[in-house]
Amino acid sequence: MAHILNPATGAPVAERTEHSADDASRAADLARRAQPEWAARTVRERAKVVRQAQRWIVEHADELSRLICDCTGKPRVDALSTEVLPGAIMCSYYARTARRFTRPQRISPSTILFANKRSTLHHEPHGLVGIISPWNYPLGIPLHEVITGLLCGNAVLLKVATQAQPVGDVIGAMMRDSGLPDDLLAVLHLPGRIAGDALLDAGVAKLFFTGSTEVGRELAQKAGSRLVPVSLELGGKDPMIVLEDANVDRAAACAVWAGLSNAGQSCGAVERIYVHERVYDRFIAALRPLVANLRVGYDHDFNVDMGPLTTSGQRETVESQLDESLAGGGREMLRSKHPDADQSLFHPAVVVEVDDDRAEIMRSETFGPLLAVRRVSSADEALGLANDSSYGLTASVWTRRPATAAAMSRRLEAGVVTVNDHLLSHGMPETPWGGVKESGIGRAHGRFGFDEMTRPKVVVEERFAWIRRNMWWQPYSREVYDGLVGALRMGYGVGIRRRLTGSMRLLRLFVRRARGR
0 MAHILNPATG
10 APVAERTEHS
20 ADDASRAADL
30 ARRAQPEWAA
40 RTVRERAKVV
50 RQAQRWIVEH
60 ADELSRLICD
70 CTGKPRVDAL
80 STEVLPGAIM
90 CSYYARTARR
100 FTRPQRISPS
110 TILFANKRST
120 LHHEPHGLVG
130 IISPWNYPLG
140 IPLHEVITGL
150 LCGNAVLLKV
160 ATQAQPVGDV
170 IGAMMRDSGL
180 PDDLLAVLHL
190 PGRIAGDALL
200 DAGVAKLFFT
210 GSTEVGRELA
220 QKAGSRLVPV
230 SLELGGKDPM
240 IVLEDANVDR
250 AAACAVWAGL
260 SNAGQSCGAV
270 ERIYVHERVY
280 DRFIAALRPL
290 VANLRVGYDH
300 DFNVDMGPLT
310 TSGQRETVES
320 QLDESLAGGG
330 REMLRSKHPD
340 ADQSLFHPAV
350 VVEVDDDRAE
360 IMRSETFGPL
370 LAVRRVSSAD
380 EALGLANDSS
390 YGLTASVWTR
400 RPATAAAMSR
410 RLEAGVVTVN
420 DHLLSHGMPE
430 TPWGGVKESG
440 IGRAHGRFGF
450 DEMTRPKVVV
460 EERFAWIRRN
470 MWWQPYSREV
480 YDGLVGALRM
490 GYGVGIRRRL
500 TGSMRLLRLF
510 VRRARGR
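Mapping of the sequence shown onto numbering that gives the first Met the number 0: position 438 corresponds to residue 437, and the numbering continues sequentially without gaps.
Below is the structure:
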């Protein structure tokens, strides 16, 4: 039995009976039986269910925001702005674009030699996909993959993090109320230690995981031994580069939102800030009142800016990184107020100034309300430091010069780069989401998200089935060889004479083979 407690108050939220690997196997069998009929429906028919889910989200926005707040501790404004509202947006967008992203695509021939072939790319569902989702955005993160998976004709096994199990159940109820046939979506309350093995043993055709790099690497190895493809959205240590011509006030305000909303528990949160020395003092001055006035606590009346950390393990990580940084020469610059309960999961927002990138606070994902700030002398120095990381999820560049922004964006090693903003692209379903290096494999959202949920199949048709033999079929002869050399020279030879001679040889061979000789 799992006991879910509110991270801010310690009050009980719900109890859930945990499922076993056998439960996952039974759910998979039912899902596989239900999936062919669902896949046989038109995309338009599947999209009707998703549009109904969008209406459900709108009608239940208050209850969803409250439940997310109770399970994670985040303020309801955070829940509404980063999960509930984006949930409605994504349902509308995916329902509207599903036909375009999944319809068969004609492939143009690469050469006139294949003009007799008609090639079409089809997007087929995997069949049964498994999704393991985290607790930090319990509605916003899994919904992207659940919706695209279903629209593509798959059945889905959804394993939600223990702390977020009530939200997972609401996703299941929402889809049932929206008209999704029985057994196509199974919400599983599996203990984390067995979840990956249980889903793989259940026979999922693809596994989607959002979480830590360490667990993602382990799941990839297990899936690889079975040749099961994976899509992994893992950790981040996201840099924010503030150049000398930046709008400093906007940059400081975004650092607070993108770095400290959800108590910093976002894989794409700002964690490292590199500020040009010419605007460094102005940036700190702009940041100071924003951090000092940050209201930390439990959301009773909406007048709270930051909630607690969601788990005790996250608080330990934050405290360890902060202590190590200060002991190693880091300087605490700014600190917010926070509730007095020392044993609670609340932690103040803290800004630490560092002089080098060797500290843990600059190397390892924090996933908490710490911002590390470093002074730099040039854009090139900031770029080198930003890229000197094992992670590469998102990054941001702050400048008023479009050419500088474009050049920096191209050189940053990240899956997502935003200019004069940060983090928000996760709420934009049209933009791909995912990272490079140890931040993951694959992409979610938009066309890429649909591609991840399907497997490509190409169908190549012969236009001229009346031809008796292709030119390169047996029996071989010198004439066949010369005709194929003619094809090579016709297509790629240098000079008009060589091309004409080649085309004549090819034509002779084509005519003979068309007649069956």
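Built from N, CA and C at the ideal position, the CB exists for glycine as well.
Query	Result
CA nearest to the CA of tyrosine 475, picked from Leu508, Lys456, Gly494, Ala464	Leu508
Sub-7 Å separation of glycine 152 and glutamine 51 beta-carbons	no
Cβ distance (whole Å) where isoleucine 67 is taken to contact proline 124 below 8 Å	Contact flag wrong, Cβ pair sits at about 30 Å.
Among Ile466, Arg477, Ile495, Met503, the one whose alpha carbon lies nearest that of arginine 514	Ile466
heavy atom of the ligand ADP below 6 Å from glycine 490 C-beta	This structure lacks the ligand ADP, and indeed carries no ligand of any kind.
6 Å Cβ shell around lysine 236 - same chain, five flanking residues per side excluded	Glu270, Glu364, Ser388, Tyr390
Other residues of its chain near glycine 482: CB distance less than 8 Å, five sequence neighbours each side excluded	Met470, Arg504, Leu505, Arg507, Leu508, Phe509
Member of Phe207, Leu184, Val278, Ser408 whose CA lies at the smallest distance from the CA of glycine 195	Phe207
Bridge partner(s) assigned by DSSP for proline 124	Thr453
DSSP state of tyrosine 136 mapped onto helix, strand, coil	coil
Ordered list of alpha helix (DSSP H) runs contained in the stretch 255 to 343, each at least 4 residues	279 to 291, 311 to 326
Bridge-paired residues (DSSP) for methionine 173	Its beta-bridge partners do not exist; DSSP assigns none.
Three-state secondary structure assigned by DSSP to leucine 226	coil
Pairwise C-alpha distance: alanine 7 and glutamine 104	51 Å
Euclidean distance between Cα positions of leucine 199 and lysine 158	12 Å
Nearest to alanine 38 (by Cα), restricted to the options Ile193, Leu149, His299	Leu149
Cβ-based neighbour list, glutamate 82, same chain, cut-off 7 Å, excluding 5 preceding and 5 following	Ile67, Tyr136, Leu138, Gly139
Euclidean distance between Cα positions of alanine 443 and arginine 512	49 Å
Beta-carbon proximity of leucine 231 to isoleucine 440, cut-off 7 Å	yes
Beta-carbon proximity list for alanine 252, same chain, < 7 Å, skipping 5 on both sides	Leu289
Coarse secondary structure for tryptophan 55, derived from DSSP in three states	helix
Span of the alpha helix (DSSP H) around valine 484	477 to 491
Beta bridge counterpart(s) of glycine 152 as assigned by DSSP	Glycine 152 pairs with nothing; no bridge assigned.
Limits of the beta strand (DSSP E) - the one that alanine 405 falls within	Not the beta strand (DSSP E): alanine 405 falls in the alpha helix (DSSP H), residues 401 to 410.
For tryptophan 397, the residue or residues it bridges with in DSSP	Val241
CA-to-CA distance, tryptophan 256 to tryptophan 55, given in whole angstroms	28 Å
Alanine 245 versus leucine 370: straight-line alpha-carbon distance, rounded	19 Å
Reduced DSSP category for lysine 73 - H, G, I as helix; E, B as strand; rest coil	coil
Beta-ladder partner(s) of tryptophan 37, from DSSP	Looking at the DSSP assignment, tryptophan 37 forms no beta bridge with any residue, so it has no partner.
Valine 128 versus Thr147, Ala154, Pro108, Asn115, residue with shortest Cα-Cα distance	Ala154
Counted within 10 angstroms of its Cβ, other Cβ atoms place phenylalanine 301 as buried (16 or more) or exposed	exposed
Opposing strand residues paired with histidine 2 [DSSP bridges]	Glu14
Helix, strand or coil at phenylalanine 463 according to DSSP, with G and I counted as helix	coil
Element boundaries [alpha helix (DSSP H), containing glutamate 380]	378 to 386
Residue closest to alanine 30, alpha-carbon to alpha-carbon, out of Glu451, Val203, Met305	Val203
Test item: CB-CB of leucine 321 and arginine 314 under 7 Å	no
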